[in-house]
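Working notes, structure below.
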Amino acid sequence: MSQSSSREKIWGYAAEFTTPAAITQAAKKVAAAGYRWWDCHTPFPVHGLDIAMGVKPTILPIIVFFGGLTGTLVAIFLQVFTNSLEVNLWAIVPVIGYQFEVSGKPLISGPAFVPVMFELTVLLSALTTVGSMFLLNGLPCLYHPVLKSTKLARITDDRFYIVIEARDPKFTDEATRSFLDSLGPESIEPLEP
Amino acid sequence: MSALNVDNTVDDPRQRSPLVLGHTDFASVTNEICAVNEAPKPPKLWYVTLVISACLASTLLVLVGYLVVTGVGVWGNNNPVMWGFPIVNFVFWVGIGHAGTLISAILFLFRQKWRTSINRFAEAMTIFAVICAGLFPGIHIGRVWLAYWLFPIPNQMEMWPQFRSPLLWDVFAVSTYFTVSLLFWYVGMIPDLATLRDRSNNRIKAIAYGFFSLGWRGSMRHWHRYERAYLLLAALATPLVLSVHSVVSFDFAVSQLPGWHTTIFPPYFVAGAIFSGFAMVLTLAIPARQIWGLKNFITMRHLENMNKVILLTGSMVGYAYGTEFFIAWYSGELYEKFAFINRAFGQYAWAYWIMVSCNVLSPQVFWFKRARTSIWLMFIVSIFVNIGMWFERFVIVVTSLAQDFLPSSWGYYEPTWVDTMTFVGSFGLFMTLFLLFIRFLPVLAIAEIKAVMPEADPHAHHEHDPDHDHEEGHA
C-alpha cells in the first residue's frame with residue numbers, strides 16, 4: 042500500500058467495460074484474485090453479475106418480515122385499545138378506549154379487525170423495505186469518489202466499471218493497475234478521494 | 030435508427046418479439062428517453078393542455094372553497110341519495126389507479142417484460158388518480174376542517190374511530206395504497222433520476238435531480254439490494270392492490286341495501302378497477318407516444334397487450350353484471366329483484382345502458398387483431414371505457430340509494446353545476462400533475478428498458494450469430 046508515497050492520494054482504480062458480458066467475465070476474475078473492497082458500477086442490474094462478484098444474499102427480506110410483524114401487532118393493539126379497552130394504571134394513567142356498542146356485537150370483533158391489520162402489515166413492510174434498503178446501501182450518499190469523476194458519469198448511461206479501492210489489503214498501485222489491464226478494459230481511470 | 034415499420038405484434042414461438050425497436054445500444058435509449066425532459070422547450074400542445082388543465086384545477090380549488098364556506102347544500106346530494114357525485118368520483122379515481130399497480134407489481138411478479146415501457150407512466154397515473162380520489166371523501170364529510178377525525182389521533186374528547194366500520198377500513202386502505210404506490214414509484218425512479226443528474230447541463234437541474242437521486246452510483250452491491258427491495262415491494266403491492274378495491278367495495282357490500290349487499294362486489298370491483306385503469310393508461314399513452322416520439326418504446330405490441338387486458342377485464346365486468354341479475358332472480362329476494370329490474374328499466378335506465386354498451390359491448394371489438402392494432406379505434410374504445418366505468422359507479426351508488434325498501438322515501442338525484450364542475454376540475458388536477466410529470470421526471474423506466482434489451486444479456490456475445498444469442502439466456 043505504501044509502495045508509492047507520491048501517489049498516496051489515490052482512492053482506487055476504475056476499469057471501463059462496454060458490455061455486460063465483458064464486465065461479468067472480468068468480475069469473476071477480480072473475485073477470484075481475492076479482492077474485497079471492490080465494486081461494479083452499471084447502468085442497470087446486470088443479470089448474474091452479483092453472483093459472479095460473490096455478493097452474499099441480502100438480509101433485507103428478514104428485516105422486512107419483522108417490519109411486517111410489527112405492523113400486524115400495532116394494528117391489533119390499536120384496534121383493541123381504541124375500541125374496547127378500559128385500563129386505569131394505578132389511577133395515574135387512565136387508558137380509555139371508546140366502546141362502541143353496535144347491534145350487540147362484541148367489542149373485540151376479530152374478523153372486522155382483519156382489513157386494518159392487513160393494511161398496516163403491508164404499510165410497515167413497505168416502509169421497512171425502502172428504509173432498510175437505503176440504510177444498507179448507505180443512501181442518501183452526499184459524496185463519493187465514483188460520483189466525483191466526470192469520466193465515470195457514463196455509469197448511468199451505457200458504461201460498466203469495475204472499481205478496486207486503495208483500502209483493499211491486496212491493493213498495490215502497480216500490481217492492481219496491471220491486473221486490471223489484464224482484464225481487457227477500454228480504459229483505466231485513477232480515482233481521487 | 031428508425032424501425033417503426035417493424036411489426037412486433039407477430040407471435041413467433043421461435044424467437045422473442047423485440048420490446049424495444051430501433052435501438053441496439055444503451056446510449057441511444059438514454060438519449061431518446063431523456064430528450065423528453067431535455068428538449069429546450071416542450072411541444073406547443075403541452076403548453077395548451079397545461080393551461081387548460083391548470084384552469085380546471087383552479088376551478089376545483091375554488092369550488093372546494095365554495096363548498097367549505099357554504100356547506101354540502103351546494104351539491105345535489107339529498108335524502109335518500111346521501112352519496113352522490115363525491116363517492117362516485119372517489120370510486121372512479123381509485124379504480125383508475127389500480128392499473129398502475131397491476132402493471133408495476135403484478136406483471137413484474139409474472140415476469141412480463143413488456144411492462145417496463147409503460148410502468149413509470151402507469152405508476153405516475155396511479156399516484157395522481159389516488160390524489161384525486163382522496164380529495165372526495167375528504168370534502169364529502171361536510172365539515173372539512175374535521176377530516177382528521179378519520180384517523181385514530183388521541184384527542185381531548187377521548188373519542189376514537191369505529192374500527193368495525195368499512196368506512197374506516199377505507200381510510201387505512203387508501204392511505205396505505207397511496208404511500209406504497211409513492212414508494213414504489215420513487216424507488217423505481219432513483220436510477221433514472223441519477224441518469225438525468227449526470228446529463229444535466231445546468232446547476233438547478235443538477236441539484237434538483239442530484240437531491241432526489243440520493244447519490245445513486247449504480248453500484249452492483251446496491252443493485253443487489255435494490256432489486257430485492259423492488260421485488261418485495263411488488264410482492265407487497267400485489268395483495269394490496271387487490272385489497273384496496275375490495276375494501277372500497279365493502280363500503281357498499283357490508284351495508285344492508287338491495288343492490289349493494291352482495292358477495293360478488295370485491296372481485297367485481299377489482300376487475301372493474303383494472304379495466305378502467307388500463308383504459309386510462311391507453312388514453313394517456315397513445316397521445317404521449319405520438320407527441321414525444323416514444324413509439325420505439327411504447328410499441329404496437331404494448332398497446333395490443335393492453336387491449337387484450339381490456340378485453341379480458343371488460344368481459345369479466347360483463348359477466349359480473351349478468352351474475353348480479355341471475356342472483357337477484359335466483360335468490361327470490363323481492364327487494365333484490367326490484368333493485369335490479371329498476372336499474373335496467375327504472376328512472377336511471379339511461380345510465381345503466383350507457384354503462385353496458387361502453388363497458389361490455391365496446392371492448393368486444395378487441396377480439397379482432399385489426400382492432401387491437403388500430404390506434405384510432407383503441408383510443409376511442411379507451412374513452413368509451415372511461416365513460417362507462419364512471420357510469421358504473423354512478424349506477425351502483427345512485428340507483429340503490431334512490432329507491433330502497435320504502436316507496437315513501439324514494440327520491441331522484443340530480444347533480445348541480447358544482448358537482449359537475451368539481452368532477453371536471455378533478456380531471457384538471459390529474460392532467461396538470463401528469464403534464465408536469467412528463468416534462469420534469471423520467472417518463473419511461475430507462476434502466477429497466479435497458480435491462481430487457483437482448484444486448485443486456487451477459488451471455489450474449491456480439492461476435493456471434495444473433496440466432497444463438499439466447500442459447501443460455503434463460504433456464
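Chains as they are written, first to last, in the numbering used here: chain A, 42 to 234; chain B, 30 to 504. Cβ atoms here follow ideal geometry from the backbone N, Cα and C, with glycine treated the same way.
ask   = Can you tell me the Cα-Cα spacing of H129(B) and G306(B), whole angstroms?
value = On the second sequence, position 100 is the one that residue 129(B) refers to. On the second sequence, position 277 is the one that residue 306(B) refers to. It is worth fixing the name first, because residue 129(B) is Gly in this sequence and not His. Cα to Cα, G129(B) sits roughly 7 Å from G306(B).
inquiry  = According to DSSP, P231(A) sits in a beta bridge with which residue or residues?
reply    = Walking along the first sequence from the start, residue 231(A) turns up at place 190. P231(A) is bridged to Y54(A).
task = Below 6 Å CB to CB, which residues in the same chain sit around L105(A) once its five sequence neighbours on both sides are set aside?
result = As a working note, residue 105(A) is residue 64 in the first sequence. It should be noted that the sequence gives Val, not Leu, for residue 105(A). Closer than 6 Å at the Cβ level, and outside the excluded window around V105(A), lie S166, T169, T170.
request  = For N129(A), decide whether its Cβ has a neighbour in chain B, counting only Cβ atoms nearer than 8 Å.
outcome  = Counted from its first residue, the first sequence places residue 129(A) at position 88. Closer than 8 Å: no.
query = In terms of residues, what are the limits of the alpha helix (DSSP H) holding D54(B)?
reply = Here residue 54(B) refers to the residue found at position 25 of the second sequence. Careful: D54(B) lies outside any alpha helix (DSSP H) and carries neither H nor E.
query = Excluding the five sequence neighbours on either side, which residues of its own chain have a C-beta within less than 8 Å of the C-beta of I229(A), listed in chain order?
reply = Looking up residue 229(A) in the first sequence gives position 188. Taken in chain order, the residues that qualify are Y54, A55, A56, E57, R218, L221, D222.
query = Under the three-state reduction of DSSP, which class applies to Y76(A): helix, strand or coil?
reply = As a working mapping, residue 76(A) is identified with position 35 in the first sequence. DSSP places Y76(A) in coil when its eight states are reduced to three.
query = Does the beta-carbon distance from F137(B) to A263(B) come in below 8 Å?
reply = To locate residue 137(B), count along the second sequence from 1; it is residue 108. To locate residue 263(B), count along the second sequence from 1; it is residue 234. Yes, these two residues count as a Cβ contact at 8 Å.
task = Check H290(B) in the structure and name its three-state DSSP category.
result = As a first step, residue 290(B) must be located in the second sequence, where it is residue number 261. Here H290(B) sits in coil by DSSP.
ask   = Do you know whose CA, among T111(A), L188(A), T60(A), lies nearest V163(A)'s CA?
value = In the first sequence, the residue the question calls residue 163(A) occupies position 122. Ranking T111(A), L188(A), T60(A) by Cα distance to V163(A) puts T111(A) first.
request  = Can you grab the Cα-Cα spacing for the pair L473(B) / L341(B), in whole Å?
outcome  = The sequence position of residue 473(B) within the second sequence is 444, counting from 1. The sequence position of residue 341(B) within the second sequence is 312, counting from 1. Rounded to the nearest angstrom, the two C-alpha atoms are 26 Å apart.
Length of the line joining the Cα atoms of Y259(B) and V216(B) = Here residue 259(B) refers to the residue found at position 230 when the second sequence is read from its first residue. Here residue 216(B) refers to the residue found at position 187 when the second sequence is read from its first residue. Answer to the nearest angstrom: the Cα atoms are 8 Å apart.
Given 8 Å, three or more beta-carbon pairs between the region 277-293 of chain B and the region 425-433 of chain B = yes
task = Starting from the Cα of V117(B), find the closest Cα among L164(B), S210(B), V97(B), W143(B) and give me that residue.
result = Translated into the one-based positions of the second sequence, residue 117(B) becomes position 88. With distances taken between Cα atoms, V117(B) lies closest to L164(B).
task = Consult DSSP for I132(B) and reduce its assignment to one of helix, strand or coil.
result = Indexing the second sequence from 1 puts residue 132(B) at position 103. I132(B): helix per DSSP, three-state reduction.
ask   = Taking any Cβ of chain A, which residues in the region 243-260 of chain B have a Cβ under 8 Å from it, in chain order?
value = L243, G244, W245, R246, G247, S248, M249, R250, H251, W252, H253, R254, Y255, E256, R257, A258
query = Going by the beta-carbon positions, is the gap between P15(B) and L90(A) smaller than 8 Å?
reply = There is simply no residue 15(B) to check, as chain B begins at 30 and stops at 504 in what is shown.
message = Per DSSP, what are the beta-bridge partners of I409(B) in this structure?
response = By 1-based counting over the second sequence, the position of residue 409(B) is 380. Bridge partners of I409(B): none, in fact.
request  = Just the chain A side, please: which residues come within less than 8 Å of W198(B) by C-beta, in chain order?
outcome  = Translated into the one-based positions of the second sequence, residue 198(B) becomes position 169. Neighbours of W198(B) on chain A, chain order: P156, V157, E160.
query = Counting Cβ pairs closer than 8 Å, one from the region 404-424 of chain B and one from the region 302-321 of chain B, do we hit at least three?
reply = yes
ask   = Does the beta carbon of L340(B) sit closer than 8 Å to a beta carbon anywhere in chain A?
value = Position 311 of the second sequence, counting from 1, holds the residue named residue 340(B). No, because no Cβ of chain A sits closer than 8 Å to the Cβ of L340(B).
query = In angstroms, rounded to a whole number, what distance separates the CA positions of G343(B) and V96(A)?
reply = Here residue 343(B) refers to the residue found at position 314 of the second sequence. Here residue 96(A) refers to the residue found at position 55 of the first sequence. Spanning the two alpha carbons is a distance of roughly 45 Å.
key: From I467(B), D41(B), A56(B), residue whose alpha carbon lies closest to that of D482(B)   = For this step, residue 482(B) is matched to residue 453 along the second sequence. Checking the sequence, you will find Met at residue 482(B) rather than Asp. Nearest C-alpha to M482(B): A56(B).
key: Span separating the alpha-carbon of A317(B) from that of P156(A)   = To locate residue 317(B), count along the second sequence from 1; it is residue 288. To locate residue 156(A), count along the first sequence from 1; it is residue 115. C-alpha separation (whole angstroms): 38 Å.
task = Spatial neighbours of T60(A) within its chain, please: CB distance less than 8 Å, with the 5 preceding and 5 following residues excluded, ordered by chain position.
result = Looking up residue 60(A) in the first sequence gives position 19. Excluding sequence neighbours, T60(A) sits near F201.
task = Go to N371(B), then tell me how far its alpha helix (DSSP H) extends in each direction, as first and last residue.
result = On the second sequence, residue 371(B) is found 342 positions in, with the first residue counted as 1. First-last of the alpha helix (DSSP H) with N371(B): 363-374.
Residue closest to F110(B), alpha-carbon to alpha-carbon, out of Y442(B), F213(B), R468(B) = As a working note, residue 110(B) is residue 81 in the second sequence. A small correction: the amino acid at residue 110(B) is Val; Phe does not occupy that position in the sequence shown. That would be Y442(B), whose Cα lies nearest to the Cα of V110(B).
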